[in-house]
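Report on the following structure.
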Amino acid sequence: MCEMPLAPTVEDCQEIVAPQRRRGMGERVSVGFMRRFHPGFTAMKGQLDSGALAVPLLALGSHRNVQSYPRGGSEGTLTNSAVHDINVTEWLLGSPITEVGWYAPRSTSLDRDRHDPQLIHPRTMSDVLISIDLFVNAQYGYEVRYELVCERGTARLGPTAPIVTDRDQAHGYAHANDWRSFFADAYGLQLRPGSTRSAPVKQRLLPRPSTGWRNLPPPREAAARTMSLPMTAPATSATWPAAPTP
159 MCEMPLAPTV
169 EDCQEIVAPQ
179 RRRGMGERVS
189 VGFMRRFHPG
199 FTAMKGQLDS
209 GALAVPLLAL
219 GSHRNVQSYP
229 RGGSEGTLTN
239 SAVHDINVTE
249 WLLGSPITEV
259 GWYAPRSTSL
269 DRDRHDPQLI
279 HPRTMSDVLI
289 SIDLFVNAQY
299 GYEVRYELVC
309 ERGTARLGPT
319 APIVTDRDQA
329 HGYAHANDWR
339 SFFADAYGLQ
349 LRPGSTRSAP
359 VKQRLLPRPS
369 TGWRNLPPPR
379 EAAARTMSLP
389 MTAPATSATW
399 PAAPTP
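For the sequence shown, position 38 matches number 196 in my numbering, and the numbering has no gaps at all.
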(Lines of atoms letter the chains of each structure in order from A and count residues from 1; the text may use other names and numbers.)
(Lines give C-alpha, C1' and ligand atoms only; values in the text may rest on other atoms or scores of the structure.)
Protein backbone atom coordinates (compact mmCIF):
# COMPACT_ATOMS: atom_id res chain seq x y z
CA MET A 1 0.00 0.00 0.00
CA CYS A 2 1.42 3.37 -1.07
CA GLU A 3 0.12 6.82 -0.26
CA MET A 4 -1.19 8.67 -3.29
CA PRO A 5 0.04 9.59 -5.78
CA LEU A 6 2.07 6.50 -6.68
CA ALA A 7 4.85 8.81 -7.94
CA PRO A 8 5.16 12.45 -9.06
CA THR A 9 5.50 11.69 -12.78
CA VAL A 10 4.32 9.14 -15.34
CA GLU A 11 7.91 8.00 -15.88
CA ASP A 12 8.38 7.35 -12.16
CA CYS A 13 5.13 5.35 -12.06
CA GLN A 14 6.33 3.23 -14.97
CA GLU A 15 9.59 2.46 -13.17
CA ILE A 16 7.61 1.10 -10.22
CA VAL A 17 5.00 -0.89 -12.13
CA ALA A 18 6.76 -2.16 -15.27
CA PRO A 19 9.25 -4.49 -13.51
CA GLN A 20 6.36 -6.31 -11.83
CA ARG A 21 4.81 -7.02 -15.22
CA ARG A 22 8.10 -8.13 -16.76
CA ARG A 23 8.68 -10.62 -13.94
CA GLY A 24 5.13 -11.96 -14.05
CA MET A 25 4.40 -10.69 -10.57
CA GLY A 26 1.03 -9.16 -11.41
CA GLU A 27 0.13 -5.92 -9.67
CA ARG A 28 1.53 -5.91 -6.14
CA VAL A 29 1.42 -2.17 -5.42
CA SER A 30 -1.86 -0.53 -4.42
CA VAL A 31 -2.39 3.18 -3.85
CA GLY A 32 -4.42 4.93 -1.18
CA PHE A 33 -7.33 6.12 -3.31
CA MET A 34 -9.87 5.41 -0.59
CA ARG A 35 -13.00 7.02 -2.01
CA ARG A 36 -14.16 3.83 -3.74
CA PHE A 37 -14.47 2.31 -0.24
CA HIS A 38 -16.56 5.18 1.14
CA PRO A 39 -20.11 3.86 1.79
CA GLY A 40 -21.67 6.73 -0.15
CA PHE A 41 -19.56 6.19 -3.25
CA THR A 42 -20.01 2.41 -3.18
CA ALA A 43 -23.78 2.86 -2.91
CA MET A 44 -23.69 5.31 -5.81
CA LYS A 45 -21.74 2.83 -7.94
CA GLY A 46 -24.24 0.11 -7.05
CA GLN A 47 -27.12 2.26 -8.22
CA LEU A 48 -25.35 3.10 -11.46
CA ASP A 49 -24.25 -0.47 -12.22
CA SER A 50 -27.75 -1.81 -11.51
CA GLY A 51 -29.11 0.19 -14.44
CA ALA A 52 -31.77 1.83 -12.26
CA LEU A 53 -30.55 5.30 -13.22
CA ALA A 54 -29.93 4.42 -16.87
CA VAL A 55 -27.07 6.11 -18.73
CA PRO A 56 -24.91 8.66 -16.88
CA LEU A 57 -24.77 12.07 -18.55
CA LEU A 58 -23.08 14.45 -16.15
CA ALA A 59 -21.11 14.35 -12.89
CA LEU A 60 -20.76 17.26 -10.48
CA GLY A 61 -18.24 17.37 -7.64
CA SER A 62 -16.74 19.69 -5.05
CA HIS A 63 -13.56 19.22 -3.02
CA ARG A 64 -13.13 21.61 -0.07
CA ASN A 65 -10.38 21.87 2.54
CA VAL A 66 -10.12 24.14 5.57
CA GLN A 67 -6.64 25.30 4.60
CA SER A 68 -4.04 24.23 2.08
CA TYR A 69 -0.61 22.90 2.88
CA PRO A 70 2.14 25.54 2.85
CA ARG A 71 3.41 26.22 -0.63
CA GLY A 72 2.84 23.60 -3.34
CA GLY A 73 1.63 26.01 -6.00
CA SER A 74 -1.44 25.76 -8.20
CA GLU A 75 -0.29 22.40 -9.57
CA GLY A 76 -0.36 20.99 -6.03
CA THR A 77 -4.13 21.37 -5.94
CA LEU A 78 -4.31 18.94 -8.84
CA THR A 79 -1.64 16.46 -7.79
CA ASN A 80 -2.73 16.33 -4.12
CA SER A 81 -6.49 16.92 -4.24
CA ALA A 82 -7.94 16.53 -7.74
CA VAL A 83 -6.34 13.10 -8.21
CA HIS A 84 -8.95 11.68 -5.80
CA ASP A 85 -11.83 13.15 -7.79
CA ILE A 86 -10.34 11.90 -11.06
CA ASN A 87 -9.72 8.39 -9.73
CA VAL A 88 -13.19 7.93 -8.23
CA THR A 89 -14.84 9.35 -11.36
CA GLU A 90 -13.17 6.83 -13.67
CA TRP A 91 -14.04 4.04 -11.23
CA LEU A 92 -17.69 5.11 -10.92
CA LEU A 93 -18.24 5.55 -14.65
CA GLY A 94 -16.05 2.69 -15.83
CA SER A 95 -14.67 4.89 -18.58
CA PRO A 96 -11.27 6.62 -18.85
CA ILE A 97 -10.96 10.38 -19.01
CA THR A 98 -9.73 11.56 -22.40
CA GLU A 99 -9.59 15.33 -22.08
CA VAL A 100 -9.73 18.08 -19.48
CA GLY A 101 -10.40 21.80 -19.25
CA TRP A 102 -9.08 24.01 -16.45
CA TYR A 103 -10.68 27.28 -15.39
CA ALA A 104 -9.70 29.94 -12.89
CA PRO A 105 -12.11 32.36 -11.22
CA ARG A 106 -11.00 35.21 -9.00
CA SER A 107 -8.48 33.83 -6.50
CA THR A 108 -8.82 33.98 -2.71
CA SER A 109 -6.58 36.44 -0.88
CA LEU A 110 -5.85 33.80 1.80
CA ASP A 111 -3.26 31.91 -0.27
CA ARG A 112 -0.68 33.76 -2.34
CA ASP A 113 1.15 30.60 -3.43
CA ARG A 114 -1.57 29.13 -5.64
CA HIS A 115 -4.66 29.98 -7.64
CA ASP A 116 -7.59 28.99 -5.44
CA PRO A 117 -10.30 27.92 -6.18
CA GLN A 118 -9.91 26.01 -9.44
CA LEU A 119 -12.45 24.35 -11.72
CA ILE A 120 -11.72 21.32 -13.91
CA HIS A 121 -13.95 19.90 -16.62
CA PRO A 122 -12.84 16.36 -17.56
CA ARG A 123 -14.67 14.34 -20.22
CA THR A 124 -14.69 10.54 -20.38
CA MET A 125 -14.39 8.29 -23.39
CA SER A 126 -18.12 7.54 -22.94
CA ASP A 127 -18.78 11.31 -23.36
CA VAL A 128 -19.80 12.03 -19.78
CA LEU A 129 -18.84 15.58 -18.81
CA ILE A 130 -17.59 16.17 -15.27
CA SER A 131 -17.41 19.48 -13.42
CA ILE A 132 -15.33 19.60 -10.23
CA ASP A 133 -14.51 22.67 -8.20
CA LEU A 134 -11.47 22.54 -5.92
CA PHE A 135 -11.23 25.03 -3.07
CA VAL A 136 -8.43 24.12 -0.67
CA ASN A 137 -8.77 27.22 1.52
CA ALA A 138 -12.53 27.09 2.06
CA GLN A 139 -12.14 27.77 5.82
CA TYR A 140 -15.56 26.44 6.88
CA GLY A 141 -14.58 22.75 7.00
CA TYR A 142 -13.60 19.68 5.00
CA GLU A 143 -16.26 18.50 2.55
CA VAL A 144 -16.60 16.33 -0.54
CA ARG A 145 -19.72 16.60 -2.68
CA TYR A 146 -20.55 14.39 -5.66
CA GLU A 147 -23.62 13.90 -7.82
CA LEU A 148 -24.32 11.75 -10.86
CA VAL A 149 -26.92 13.03 -13.29
CA CYS A 150 -28.36 10.19 -15.38
CA GLU A 151 -31.20 9.64 -17.86
CA ARG A 152 -33.63 8.30 -15.26
CA GLY A 153 -32.56 10.03 -12.07
CA THR A 154 -29.68 11.32 -10.00
CA ALA A 155 -27.56 10.03 -7.13
CA ARG A 156 -25.55 12.20 -4.76
CA LEU A 157 -23.61 11.81 -1.55
CA GLY A 158 -25.61 12.43 1.62
CA PRO A 159 -24.40 14.30 4.71
CA THR A 160 -21.63 12.44 6.51
CA ALA A 161 -22.26 13.91 9.96
CA PRO A 162 -23.77 11.42 12.45
CA ILE A 163 -26.45 13.87 13.57
CA VAL A 164 -28.32 16.92 12.34
CA THR A 165 -29.24 19.49 14.98
CA ASP A 166 -31.92 22.13 15.37
CA ARG A 167 -30.88 24.78 17.86
CA ASP A 168 -31.07 28.55 18.36
CA GLN A 169 -33.12 29.08 15.21
CA ALA A 170 -30.60 27.10 13.16
CA HIS A 171 -30.72 23.73 11.39
CA GLY A 172 -27.57 21.92 10.33
CA TYR A 173 -24.63 19.66 11.06
CA ALA A 174 -20.94 20.05 11.83
CA HIS A 175 -18.33 19.73 9.09
CA ALA A 176 -15.22 17.59 9.45
CA ASN A 177 -11.94 19.37 10.10
CA ASP A 178 -10.02 17.29 7.55
CA TRP A 179 -10.20 14.08 5.49
CA ARG A 180 -9.34 11.69 8.31
CA SER A 181 -12.71 11.70 10.02
CA PHE A 182 -14.58 12.19 6.73
CA PHE A 183 -13.12 9.00 5.23
CA ALA A 184 -12.46 7.03 8.45
CA ASP A 185 -14.78 4.17 7.42
CA ALA A 186 -13.27 4.07 3.93
CA TYR A 187 -9.73 3.70 5.26
CA GLY A 188 -10.81 0.79 7.45
CA LEU A 189 -12.58 -0.99 4.59
CA GLN A 190 -9.67 -0.42 2.23
CA LEU A 191 -7.34 -2.40 4.47
CA ARG A 192 -9.64 -5.41 4.95
CA PRO A 193 -8.32 -8.65 3.40
CA GLY A 194 -11.40 -9.03 1.20
CA SER A 195 -10.55 -5.86 -0.68
CA THR A 196 -7.20 -7.08 -2.00
CA ARG A 197 -6.64 -8.52 -5.45
CA SER A 198 -5.08 -11.64 -3.91
CA ALA A 199 -8.21 -12.56 -1.95
CA PRO A 200 -10.30 -15.49 -3.19
CA VAL A 201 -13.09 -14.47 -5.54
CA LYS A 202 -15.81 -15.36 -2.99
CA GLN A 203 -14.22 -12.98 -0.47
CA ARG A 204 -14.13 -10.02 -2.85
CA LEU A 205 -17.19 -8.34 -1.43
CA LEU A 206 -15.49 -4.93 -1.38
CA PRO A 207 -14.17 -2.81 -4.28
CA ARG A 208 -10.66 -3.59 -5.39
CA PRO A 209 -7.99 -1.05 -4.48
CA SER A 210 -6.44 1.09 -7.16
CA THR A 211 -3.43 -0.89 -8.36
CA GLY A 212 -0.75 -0.99 -11.02
CA TRP A 213 -1.49 0.71 -14.32
CA ARG A 214 -4.78 2.01 -12.93
CA ASN A 215 -2.71 4.55 -11.00
CA LEU A 216 -1.25 6.15 -14.10
CA PRO A 217 -4.26 8.25 -15.28
CA PRO A 218 -4.10 10.78 -12.40
CA PRO A 219 -0.40 11.55 -12.98
CA ARG A 220 -1.11 11.69 -16.74
CA GLU A 221 -3.81 14.27 -16.03
CA ALA A 222 -1.45 16.35 -13.92
CA ALA A 223 1.22 16.12 -16.61
CA ALA A 224 -1.22 17.16 -19.32
CA ARG A 225 -2.45 20.03 -17.21
CA THR A 226 0.84 21.42 -15.98
CA MET A 227 2.64 20.96 -19.30
CA SER A 228 0.01 22.82 -21.32
CA LEU A 229 -0.52 26.53 -20.74
CA PRO A 230 0.59 28.50 -17.67
CA MET A 231 -1.87 28.36 -14.82
CA THR A 232 -2.03 32.14 -14.82
CA ALA A 233 -4.35 31.93 -17.83
CA PRO A 234 -8.09 32.07 -17.05
CA ALA A 235 -8.86 28.91 -19.00
CA THR A 236 -6.82 26.13 -20.58
CA SER A 237 -7.52 22.67 -21.96
CA ALA A 238 -5.54 19.58 -22.80
CA THR A 239 -6.07 16.10 -24.16
CA TRP A 240 -4.61 13.11 -22.35
CA PRO A 241 -1.15 11.88 -23.33
CA ALA A 242 -1.30 8.39 -24.78
CA ALA A 243 -1.51 5.72 -22.09
CA PRO A 244 1.66 3.63 -21.76
CA THR A 245 1.55 0.08 -23.05
CA PRO A 246 1.48 -2.43 -20.17
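Idealized CB from N, CA, C, for every residue including glycine.
In the DSSP assignment, find the unbroken beta strand (DSSP E) run with Arg303 in it and report its ends. The residue given as residue 303 occupies position 145 in the sequence shown. It spans Glu301 to Cys308 - the beta strand (DSSP E) in which Arg303 sits, taken as one unbroken run.
Skipping 5 residues on each side, what residues in its chain have a beta carbon closer than 6 Å to that of Leu250? On the sequence shown, residue 250 is found 92 positions in, with the first residue counted as 1. These residues qualify, in order along the chain: Lys203.
For a test of the three-state rule: what should DSSP assign to Leu287, helix, strand or coil? Within the sequence shown, the letter at position 129 stands for residue 287. In the three-state reduction of the DSSP assignment, Leu287 falls in the strand class.
Is Met159 helix, strand or coil by DSSP? Counting from 1 along the sequence shown, the entry for residue 159 is found at position 1. The answer is coil: DSSP assigns Met159 none of H, G, I, E or B.
Short check: CB of His221 to CB of Ser208, under 8 Å? The residue given as residue 221 occupies position 63 in the sequence shown. The residue given as residue 208 occupies position 50 in the sequence shown. Result no, Cβ atoms of His221 and Ser208 do not sit closer than 8 Å.
Assuming contact is defined by CB atoms lying nearer than 8 Å, are His273 and Ser226 in contact in what I supplied? As a working note, residue 273 is residue 115 in the sequence shown. As a working note, residue 226 is residue 68 in the sequence shown. No.
DSSP beta-bridge partners for Phe293? Here residue 293 refers to the residue found at position 135 when the sequence shown is read from its first residue. Paired residues: Arg222.
Contact belief for Gly219 with Ile290 at Cβ below 8 Å, rounded distance in angstroms: Reading the sequence shown from its first residue, position 61 is the one you call residue 219. Reading the sequence shown from its first residue, position 132 is the one you call residue 290. Their Cβ separation, rounded to whole angstroms, is 4 Å, which keeps Gly219 and Ile290 in contact under 8 Å.
Rounded to the nearest angstrom, what separates Glu169 and Cys308 at their Cα positions? For the purposes of this step, residue 169 is taken as the residue at position 11 of the sequence shown. For the purposes of this step, residue 308 is taken as the residue at position 150 of the sequence shown. A straight line joining the alpha-carbon of Glu169 with that of Cys308 spans about 36 Å.
Proximity winner among Asp243, Glu301, Ser284 and Thr312, relative to Val224 (alpha-carbon distances): Residue mapping note: residue 224 aligns to position 66 of the sequence shown, counting from 1. Nearest C-alpha to Val224: Glu301.
So Val175 is in the alpha helix (DSSP H); what residue range does that whole segment cover? Mapped onto the sequence shown, residue 175 falls at position 17. In the DSSP annotation of this structure, the continuous segment of the alpha helix (DSSP H) that includes Val175 starts and ends at Val168 to Arg180.
Anyone know if the C-beta pair for Phe199 and Val246 falls short of 8 Å? If you number the sequence shown from 1, residue 199 lands on position 41. If you number the sequence shown from 1, residue 246 lands on position 88. Val246 is positioned such that its CB atom lies closer than 8 Å to that of Phe199.
May I ask which residues mark the beginning and end of the beta strand (DSSP E) holding Tyr311? Position 153 of the sequence shown, counted from the first residue, corresponds to residue 311. The amino acid at residue 311 is misidentified as Tyr; the sequence shows Gly. Following the DSSP letters along the chain, one finds Gly311 inside the beta strand (DSSP E) bounded by residues Gly311 to Arg314.
Report the option in Gly311, Val213, Ala296 and Tyr304 whose CA atom is closest to the CA atom of Ile244. The residue given as residue 244 occupies position 86 in the sequence shown. Ranked by how close their Cα comes to the Cα of Ile244, the residues Gly311, Val213, Ala296 and Tyr304 have Tyr304 in first place.
Thr200: first and last residue of the uninterrupted alpha helix (DSSP H) it sits in: Within the sequence shown, the letter at position 42 stands for residue 200. From DSSP, the alpha helix (DSSP H) with Thr200 extends over Pro197 to Ser208.
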